[in-house]
Amino acid sequence: MMRDSGRLDRLSDDALLAAIALGEQVAAAVFVRRFQRRVYGMALTVTTDPGLAEDVAQSAFERVWRHAASYDARRASVSTWVLTITRNLAIDAIRVRRPQPIDPAVVGDIVPTDVLGPADAAVNADDLRRLRVELDALPVEQRRAVLLATIGGRTTTEIGAIEGIPASTAKTRLRIGLRRLRAAMATGAER
């Protein structure tokens, strides 16, 4: 058994994957040893959750084993193919666990109104109502980005992963959404 493992360690990634496609169990173990750090690293980078990253990595290896025979070396290297599978599974896992933005009215309930005077509490309630109206007026993509960042505490990289978009797109949506909210709230305050 060890002799087979040593022989398989010297195989190229393509040849090792072909051995997996033929049902070589030792080849699968060698493959996991060869790719486990990169697969787990990709899963952790996307999910930012070590437990979820482990689940994603395991699912990625299972998918590799099931689809090893369909691998096409002309389309991508084995490494690229495996990491693409991992990335896609990680994004899917995040989407399943996607946090739902919190309604601004609920946030208003979190603010302790008993430390405010009645006049301040009324102004805060009015501001929250206006904020909700202005949030509802934003395009859905911008509203989600604003809520995920401000209430969910997510970074633009995390928002990008959750939404399945580049971080730069998430940053643009957040920036434009916040800019529109500020302008709308400032305009409402002057009335």
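Position in the sequence shown counted from 1, then plus 4, gives you my numbering.
No residue lacks a Cβ here, since even glycine has one placed at the ideal position from N, Cα and C.
Remember, it's a predicted structure, so these values are computed and weren't measured experimentally.
Under the three-state reduction of DSSP, Arg79 is assigned to coil, being neither helix nor strand. By the CB criterion at 8 angstroms, Thr90 and Ala64 fall inside the cutoff.
If you check the CB distance, Val50 and Ala165 come in under 8 angstroms. Of all alpha-carbon atoms in Ala25, Glu28 and Val34, the one lying nearest the alpha-carbon of Asp13 is that of Val34. Contact between Val68 and Val86 holds, with the beta-carbon distance rounding to 6 angstroms and staying under 8 angstroms. Under the DSSP assignment, Arg148 falls in the alpha helix (DSSP H) whose first and last residues are Val144 to Thr154. Between Arg184 and Leu152, the C-beta gap is not smaller than 8 angstroms, which leaves the two residues out of contact.
Proximity to Thr88 across Val150, Leu132, Val100 and Phe39 peaks at Phe39, based on C-alpha coordinates. As the crow flies, the alpha-carbon of Ala188 is around 12 angstroms from that of Ile180. Where Thr160 is concerned, the enclosing alpha helix (DSSP H) starts and stops at Thr160 to Glu167. The C-alpha of Arg177 is placed about 15 angstroms away from the C-alpha of Gly157. Here DSSP, grouped into helix, strand and coil, assigns Ser16 to coil. In this chain, the alpha helix (DSSP H) harbouring Asp59 covers Pro54 to His71.
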